[in-house]
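Undergrad: As given, the protein sequences belong to chains A and F, one line each in that order. Numbering-wise (my numbering), the first sequence opens with residue 30 and increments by one. Numbering-wise (my numbering), the second sequence opens with residue -10 and increments by one. Take this structure first; my questions come after.
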Amino acid sequence: MAEPLLDLRELQTHFQTFGGLVKAVDGVSFNVKAGEIVGLVGESGGGKSVIGFSILGLVDPPGRIAGGEIRFDGRDISKLGEREMRNVRGRDIAMVFQDPMTSLNPVYTIGRQMDEVLRLHTNLDEAARRIRCIRMLEDVGISGAESRLDAYPHQFSGGMRQRVVIAIALLAGSRLIIADEPTTALDVTVQSQILKLMRRQVQETGAAMILITHDLAVVSEMADRVVVLYCGKVVERGLTEEVIRSPAHPYTRGLLDSIPRITDRQRRLRQIPGTVPDIRTLGAGCSFRGRCAHAQPLCAERSPELAPVRGSLDAACHFPLQETL
Amino acid sequence: MTQPVLDVRNLVKSFTVGDGIFDRLRFTGGKLLAPPKVVNAVNSVSLSIAPGEVLALVGESGCGKSTVAKTIARIHAPTSGEIRIDGKEVSCLNQKELRPVRRELQMIFQDPYASLNPRQRIKDIVIEPLRAQSDRRMSSSDIDAEAIKLLARVGLNAEQANRYPHQFSGGQRQRIGIARALSVRPKLIIADEPVSALDVSIQAQILNLMMDLRDEFGLSYLFVSHDLSVVHHIADRVAVMYLGFMVETASRDQLFATPRHPYTQALLSAAPNVDKALRKPQAEITGEVPSALNLPSGCCFRTRCPLAFARCAVERPALLPQRGGGSVACHLHDTVPEAFPT
Ligand SMILES: Nc1ncnc2c1ncn2[C@@H]1O[C@H](COP(=O)(O)OP(=O)(O)OP(=O)(O)O)[C@@H](O)[C@H]1O
Ligand SMILES: Nc1ncnc2c1ncn2[C@@H]1O[C@H](COP(=O)(O)OP(=O)(O)OP(=O)(O)O)[C@@H](O)[C@H]1O
Ligand code: SF4
Ligand code: SF4
Ligand SMILES: [Mg+2]
Ligand SMILES: [Mg+2]
Chain A
30 MAEPLLDLRE LQTHFQTFGG LVKAVDGVSF NVKAGEIVGL VGESGGGKSV
80 IGFSILGLVD PPGRIAGGEI RFDGRDISKL GEREMRNVRG RDIAMVFQDP
130 MTSLNPVYTI GRQMDEVLRL HTNLDEAARR IRCIRMLEDV GISGAESRLD
180 AYPHQFSGGM RQRVVIAIAL LAGSRLIIAD EPTTALDVTV QSQILKLMRR
230 QVQETGAAMI LITHDLAVVS EMADRVVVLY CGKVVERGLT EEVIRSPAHP
280 YTRGLLDSIP RITDRQRRLR QIPGTVPDIR TLGAGCSFRG RCAHAQPLCA
330 ERSPELAPVR GSLDAACHFP LQETL
Chain F
-10 MTQPVLDVRN LVKSFTVGDG IFDRLRFTGG KLLAPPKVVN AVNSVSLSIA
40 PGEVLALVGE SGCGKSTVAK TIARIHAPTS GEIRIDGKEV SCLNQKELRP
90 VRRELQMIFQ DPYASLNPRQ RIKDIVIEPL RAQSDRRMSS SDIDAEAIKL
140 LARVGLNAEQ ANRYPHQFSG GQRQRIGIAR ALSVRPKLII ADEPVSALDV
190 SIQAQILNLM MDLRDEFGLS YLFVSHDLSV VHHIADRVAV MYLGFMVETA
240 SRDQLFATPR HPYTQALLSA APNVDKALRK PQAEITGEVP SALNLPSGCC
290 FRTRCPLAFA RCAVERPALL PQRGGGSVAC HLHDTVPEAF PT
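Quick look at the structure:
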């Protein structure tokens, strides 16, 4: 079997805050193969974006990678220096940031920022680059692409900015694309167009993709495998089909249950009871126990390890859910 | 009838874009011209919201939803049209005259990071509207207590109150913006994609909170969203926009059961769904997406409409009231119902 392009092993990323140490990523392992899309889902604040930043070496003090390995193409890139990392970023690994304005420069036109990527990563001449940029903007569904090249980021709508950022990430032709909530600002028609475009890119170029999203519907349509995070830990992972159809971890079940459905008549949405605990004060035991309907005394004593449950599913739970039909 | 909290008539907002005049200079027909490039972001939109009502504004990315929201909140000055908040015409007021109006109206922004001051602690951010408007001076312990209460309602804890915006995840920042808007208990909240950055369990918590506040205090919402399942849950009425035009308004049940405008129909059939069995065959709309820089003649949707006919290219359909309630802007629905209730 081919070695995975990216292999995270027990990644730890911590932040020092006034109130104590925040273990935003606490021992996360998963891998991504070339040509594969892995969905990363989980609660807001669960550490999804920080995993992306860690892979790209973008965690600044007071944060640091406190342990584990990030193996990309066989070598651990978590220990590379900033200069080497700069070569990895863009050419090898591109990221679509959750907040488009973090990667767009407000004082340059969109066209200039797109052109920059092609100038750095291809040897196309100026006219050819311009045509690629226009094509790419059209691909992400921005009409009047040619005249939009001269516009500045603030002159775009929220969703248009998000699409520009996706266009820039796809232009570079990187081997791994980390897409952090790439379609949250997009309506369904544009969303399905963008998702198709991203999937096509993965199929055509054999790139690997980590799709970070809170939207399980998007994951179920896009990802080959899913990794579910809770409080900085992987609580469940497996083939998308199996995770969505019959999850083993109560948290994943709760996520699936709180999706608003158009077919649903009740006015009040089902929510997972309670809130995410303060990560600094978790202590021993399962971090989901305060909100879990299946918790037993054992859950407070010992924290569950990620272990195979059935089929492709691994879950970190002492009492995994039975298969539902 | 009770007076609407918000009443907007024929709102138009266009932006002049383009770089300096020299970049726009064109040599056309033997003359040197600098034609202004105009983005027609909002083209004559009318809507009204009753006390305690939730009106959802939906439509494709770039169709002008945020511009409508920001113009009503008077972050942008309208190009033309009327905006009445609680009966008071605000479209021409200056920033100082707007201050008392802001007490009635708060906005939750689509882009949470840009709307939070990076140098302020979270507890100061959420309390700011309250502090700006309360007549009495608040002691710092009052402020802390109130801020922590507000943050708790959106699922953030007391320790986090002392942090700065960059120390939060995307969804946490969005919740800070929500807590801030709720602090003064306004009559109307304009919420621009308030939950799209949130995972489903927090989304449910926030939507339930917004509904509770409405029941408790009679709040009204203009709820901008592209997520139809969320809209289905929260909205009483839905307004659908396309390319800066309002194309359909209807009660929630009517819109989801029998969408009438061809664009609304396409929008409803494209939603991704975890329940694969439930997924309808996609009536995907194809065709060129027109640009707000260059509006098509006639119907704004005609370049993608599967039902377009000759008249659609020459005449722009008006938004007309329909039998059974609501209104539609499409030539296929232009027969005025005979017995329209007055
Ligand atoms: N600079 C920082 N200092 C302190 N804590 C931080 C910092 N950056 C992130 N965190 C914390 O790390 C945790 C994980 O954040 P992360 O941004 O990865 O969440 P996320 O899963 O992407 O959530 P969302 O879906 O809301 O974007 C959060 O609790 C956040 O508050
Ligand atoms: N400050 C501005 N200057 C020029 N054009 C603008 C400005 N703000 C918005 N626009 C343009 O107005 C149109 C509508 O933008 P708006 O932000 O209202 O869309 P939206 O419906 O909120 O989309 P999204 O769902 O992507 O947020 C877009 O074509 C956008 O480029
Ligand atoms: S280990 Fe216990 S508390 Fe944790 S998810 Fe499983 S059953 Fe629930
Ligand atoms: S007016 Fe014509 S083009 Fe416009 S929506 Fe109706 S049928 Fe389609
Ligand atoms: Mg994030
Ligand atoms: Mg918007």
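Just so you know, even glycine gets a beta-carbon here, dropped at the ideal spot from N, CA and C.
So which of A:Gln45, A:Ser58, A:Gln41, A:Gly48 has the shortest CA-CA distance to A:Ala345?
TA: Counted from its first residue, the first sequence places residue 345 of chain A at position 316. Among A:Gln45, A:Ser58, A:Gln41, A:Gly48, the Cα nearest to that of A:Ala345 belongs to A:Ser58.
Undergrad: Which residues in the same chain have their Cβ closer than 6 Å to the Cβ of A:Gly267, if we skip the five residues on either side of it in sequence?
TA: Residue numbering aside, residue 267 of chain A sits at position 238 when the first sequence is read from its first letter. Taking C-beta separations shorter than 6 Å and ignoring five residues to either side along the sequence, the partners of A:Gly267 in its chain run Ser341, Leu342, following chain order.
Undergrad: Measure the alpha-carbon distance for A:Thr46 versus F:Asp100 and round it to whole angstroms.
TA: Mapped onto the first sequence, residue 46 of chain A falls at position 17. Mapped onto the second sequence, residue 100 of chain F falls at position 111. Cα to Cα, the separation comes out at about 25 Å.
Undergrad: With a threshold of 8 Å between beta-carbons, can F:Leu283 be considered close to chain A, or not?
TA: Here residue 283 of chain F refers to the residue found at position 294 when the second sequence is read from its first residue. Correcting the residue type first, residue 283 of chain F is Asn in the shown sequence and not Leu. Chain A, which has a Cβ nearer than 8 Å to the Cβ of F:Asn283, makes this yes.
Undergrad: Quick check on F:Gln156 - is its C-beta less than 8 Å from some C-beta in chain A?
TA: Indexing the second sequence from 1 puts residue 156 of chain F at position 167. For F:Gln156, the answer is yes, since a Cβ of chain A falls inside 8 Å of its Cβ.
Undergrad: Strictly under 8 Å for the Cβ-Cβ distance: is F:Phe329 near chain A by that measure?
TA: Sequence index remark: in the second sequence, residue 329 of chain F carries index 340 (1-based). Low confidence applies here, because F:Phe329 scores a pLDDT of 47, under 50, leaving its location unreliable; read the following figure in that light. It does not; no Cβ of chain A falls within 8 Å.
Undergrad: Quick check: the Cα distance between F:Lys2 and A:Ile207, rounded to an integer number of angstroms?
TA: Numbered from 1 along the second sequence, position 13 holds the residue referred to as residue 2 of chain F. Numbered from 1 along the first sequence, position 178 holds the residue referred to as residue 207 of chain A. Near 37 Å, if we compare the C-alpha coordinates of A:Ile207 and F:Lys2.
Undergrad: Looking at the C-beta of A:Leu393, does it have a partner C-beta in chain F at a distance below 8 Å?
TA: Any property of residue 393 of chain A remains undetermined from this structure, which presents chain A solely from 30 to 354.
Undergrad: Within the same chain, show all residues whose beta-carbon is closer than 6 Å to that of F:Ala168, passing over the 5 residues directly before and after it, in chain order.
TA: By 1-based counting over the second sequence, the position of residue 168 of chain F is 179. Closer than 6 Å at Cβ, skipping near neighbours: Val115, Leu139, Leu140, Val143.
Undergrad: So if I threshold CB-CB distances at 7 Å, which residues from the segment 188 to 220 of chain F count as touching chain A?
TA: Asp188, Val189, Ser190, Ile191, Ala193, Gln194, Leu196, Asn197, His215, Leu217, Ser218, Val219
Undergrad: Mind checking whether the beta-carbon of F:Phe98 lies closer than 7 Å to any heavy atom of ligand 1?
TA: Locating residue 98 of chain F in the second sequence gives position 109, counting from the first residue. Not under cutoff, so the answer is no.
Undergrad: CB F:Ile239 to CB F:Gly287, shorter than 8 Å?
TA: Counted from its first residue, the second sequence places residue 239 of chain F at position 250. Counted from its first residue, the second sequence places residue 287 of chain F at position 298. The sequence shown places Ala at residue 239 of chain F, rather than the Ile named in the question. No, the pair does not count as a contact, with Cβ atoms beyond the cut-off.
Undergrad: Report the start-end ranges of each beta strand (DSSP E) in the segment 228 to 257 of chain A that is 3 residues or longer and not cut off at the edges.
TA: 237 to 241
Undergrad: If we define contact as Cβ-Cβ less than 8 Å, is A:Met130 a contact residue for chain F?
TA: Within the first sequence, numbered from 1, the residue matching residue 130 of chain A stands at position 101. Closer than 8 Å: yes.
Undergrad: Closer than 8 Å by beta-carbon distance: list the chain A residues that pair up with F:Gln161, in chain order.
TA: Sequence index remark: in the second sequence, residue 161 of chain F carries index 172 (1-based). Simply Ser73, Gly74.
Undergrad: Does the Cβ of F:Lys54 lie closer than 7 Å to at least one heavy atom of ligand 6?
TA: Reading the second sequence from its first residue, position 65 is the one you call residue 54 of chain F. True, at least one ligand heavy atom lies under 7 Å from that Cβ.
Undergrad: Going by the C-beta, is F:Lys85 closer than 7 Å to any heavy atom of ligand 5?
TA: By 1-based counting over the second sequence, the position of residue 85 of chain F is 96. With a cut-off of 7 Å, the C-beta of F:Lys85 is classified as distant from ligand 5, since no heavy atom of the ligand falls inside that distance.
Undergrad: In the DSSP assignment, what are the bridge partners of F:Tyr210?
TA: As a position in the second sequence, residue 210 of chain F is number 221, starting the count at 1. Answer is F:Val43, F:Ile178.
Undergrad: Answer with yes or no whether the minimum CB distance from A:Ala345 to chain F is below 8 Å.
TA: Here residue 345 of chain A corresponds to residue number 316 of the first sequence, with the count starting at 1. So no, A:Ala345 is outside the interface.
Undergrad: Can you give me the Cβ contacts of A:Phe82 inside the same chain, cut-off strictly under 7 Å, excluding the 5 residues immediately before and after it?
TA: The residue labelled residue 82 of chain A in the question sits at position 53 within the first sequence. Within the same chain, A:Phe82 has close Cβ partners Val88.
Undergrad: Just the chain F side, please: which residues come within less than 9 Å of A:Gly86 by C-beta, in chain order?
TA: Numbered from its first residue, the first sequence carries residue 86 of chain A at position 57. Going along chain F, no residue has its Cβ under 9 Å from A:Gly86, so there is no contact; the nearest lies around 18 Å.
Undergrad: Just to confirm, are A:Ile223 and A:Arg177 a CB contact at a threshold of 8 Å?
TA: Taking the first residue of the first sequence as position 1, residue 223 of chain A is located at position 194. Taking the first residue of the first sequence as position 1, residue 177 of chain A is located at position 148. It is not a contact, given that the beta carbons lie outside the stated cut-off.
Undergrad: Just how far apart, CA to CA, sit A:Glu330 and A:Pro302?
TA: Locating residue 330 of chain A in the first sequence gives position 301, counting from the first residue. Locating residue 302 of chain A in the first sequence gives position 273, counting from the first residue. For A:Glu330 and A:Pro302, the distance between alpha carbons rounds to 21 Å.
Undergrad: Listed in chain order, which residues of the segment 166 to 187 of chain F have Cβ atoms closer than 7 Å to some Cβ of chain A?
TA: Glu182, Ser185, Ala186, Leu187
Undergrad: Nearer than 7 Å: is that true of the beta carbon of F:Arg249 relative to any heavy atom of ligand 4?
TA: To locate residue 249 of chain F, count along the second sequence from 1; it is residue 260. No; taking the cut-off as 7 Å, the Cβ of F:Arg249 has no heavy atom of ligand 4 nearer than that.
Undergrad: Any heavy atom of ligand 3 closer than 7 Å to the CB of A:His243?
TA: Against the first sequence, residue 243 of chain A aligns to sequence position 214. No, the Cβ of A:His243 stays beyond 7 Å of every heavy atom of ligand 3.
Undergrad: Listed from N- to C-terminal order along the chain, which residues in the segment 225 to 239 of chain F have their beta-carbon within a distance smaller than 8 Å of any beta-carbon of chain A?
TA: none
Undergrad: Just curious, the beta strand (DSSP E) that F:Met235 is in, first and last residue?
TA: In the second sequence, residue 235 of chain F corresponds to position 246, counting from 1. Looking at the DSSP string, the run of the beta strand (DSSP E) that includes F:Met235 is 234 to 240.
Undergrad: Mapping the DSSP letters down to three states, classify F:Tyr153 as helix, strand or coil.
TA: Residue mapping note: residue 153 of chain F aligns to position 164 of the second sequence, counting from 1. Three-state DSSP puts F:Tyr153 in coil, outside helix and strand.
Undergrad: Locate the alpha helix (DSSP H) running through A:Gly188, then write down its first and last residues.
TA: In the first sequence, counting from the first residue as 1, residue 188 of chain A sits at position 159. Per DSSP, the unbroken alpha helix (DSSP H) holding A:Gly188 starts and ends at 187 to 200.
Undergrad: Output, in chain order, the set of chain F residues within a Cβ distance shorter than 9 Å of A:Phe47.
TA: For the purposes of this step, residue 47 of chain A is taken as the residue at position 18 of the first sequence. Neighbours of A:Phe47 on chain F, chain order: Glu148, Asn151, Arg152.
Undergrad: Name the chain A residues whose beta carbon is nearer than 9 Å to that of F:Val90?
TA: By one-based count along the second sequence, residue 90 of chain F stands at place 101. Residues of chain A passing the Cβ test: none, with the nearest at roughly 25 Å.
Undergrad: Between the segment 186 to 213 of chain A and chain F, which residues of the former have a C-beta closer than 9 Å to a C-beta of the latter?
TA: Ser186, Gly187, Gly188, Met189, Arg190, Gln191, Arg192, Asp209, Glu210, Thr213
Undergrad: Any idea what DSSP makes of A:Lys62, helix, strand or coil?
TA: As a position in the first sequence, residue 62 of chain A is number 33, starting the count at 1. Here A:Lys62 sits in coil by DSSP.
Undergrad: Would you check if the distance between the CB atom of F:Leu282 and the CB atom of F:Lys59 is smaller than 8 Å?
TA: The residue labelled residue 282 of chain F in the question sits at position 293 within the second sequence. The residue labelled residue 59 of chain F in the question sits at position 70 within the second sequence. Not closer than 8 Å, so no.
Undergrad: Indicate, with yes or no, if ligand 3 has a heavy atom lying under 7 Å from the CB of A:Arg204.
TA: For this step, residue 204 of chain A is matched to residue 175 along the first sequence. Incorrect: A:Arg204 has no Cβ contact closer than 7 Å to ligand 3.
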